[in-house]
Amino acid sequence: MPILNYFSNKNFIWVVRPPSNSVADHDHNDGEWLLRGFERRIQDSHKGLLVQQWAPQLEILSHKSLCLFLTHCGWNSVLEALSNGVPMLSWPMGAEQNFNAKMLEEEMGLCVGVASASREVNHKDIVKKIDLVMSGSTKGQDMKNKACEVMEMLNNAKNDEKGFKGSSAKAMEDFLYAALSKSCNY
């Protein structure tokens, strides 16, 4: 697998899941659906961590050493990445993900598209996009700076400078108060 050669000098976490056509995730034992030798090569590199099934995404995204996130661009994943100042590579699969990826890349400059659900991805394409962000290029640095700006904006919406309620927290409180007030009047 050529992309593993690229990652052999980089630290990474790679979350992989069994094929979606399986009856249930537990139908597969310890990566038997992966290419032969895949897990061993990652383990032998002492650089990567292969996580099968579920991973604590928010915990990973909030780690200070994380520099980039390959995502399908589901809204929760986008919010989690942005609230931690992490730029993204997009690989949308369906639903609103294509619209989110387009907005993040074309309008906000926070994302680079790798692929969409309609096409396969060549390992060279992924490596090229990772390098664009990670190599210190102007575009990559701009993405990192914008991700940090958005993180700051999101933090300000949650809390003001004194640690009190920001605009989002205040709006949610007002909404709940109004909803509960009406439900108590019935």
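Just so you know, numbering that gives the first Met the number 0 puts 125 at position 126 of the sequence shown, and the rest follows in order with no gaps. Just so it is clear, CB atoms sit at the ideal spot from N, CA and C, and this is done for glycine as well. The structure presented is a predicted model; accordingly, all values stated were derived computationally and were not measured.
- Listed in chain order, the alpha helix (DSSP H) elements of length 4 or more contained wholly in the segment 120-164 are 122-133 and 137-157.
- Looking only at E38, V85 and D43, the smallest Cα-Cα distance to Q56 is reached by V85.
- Rounded to whole angstroms, the gap between the alpha carbons of P17 and F37 is 14 Å.
- The residue from C66, I125 and L33 with its alpha-carbon nearest to that of F11 is C66.
- Separation of the CB atoms of C110 and A94 is rounded to 17 Å, and the pair is thereby denied contact status at 8 Å.
- Around the CB of A177, fewer than 16 other CB atoms lie within 10 Å, so the residue is classed as exposed.
- When only Cα atoms are considered, C72 and K181 end up about 36 Å apart.
- For W13, there is no enclosing alpha helix (DSSP H); the residue is part of the beta strand (DSSP E) that begins and ends at F11 to V15.
- Nearest to G108 by alpha-carbon distance, out of N155, L131 and E119, is L131.
- Around the C-beta of V113, 16 or more other C-beta atoms lie within 10 Å, and the residue is accordingly described as buried.
- C110 is bridged by DSSP to M87.
- In the DSSP annotation of this structure, the continuous segment of the alpha helix (DSSP H) that includes Q96 starts and ends at Q96 to K101.
- DSSP lists V15 as the bridge partner or partners of Q51.
- DSSP, reduced to helix, strand and coil, places L81 within a helical segment of the structure shown.
- Each residue's CA atom was taken as its position, placing I59 and Q51 some 15 Å apart.
- Secondary structure note for L69: its beta strand (DSSP E) is the uninterrupted segment F68 to T70.
- Look at K63 here: in three-state DSSP terms it is coil, with no helix or strand label.
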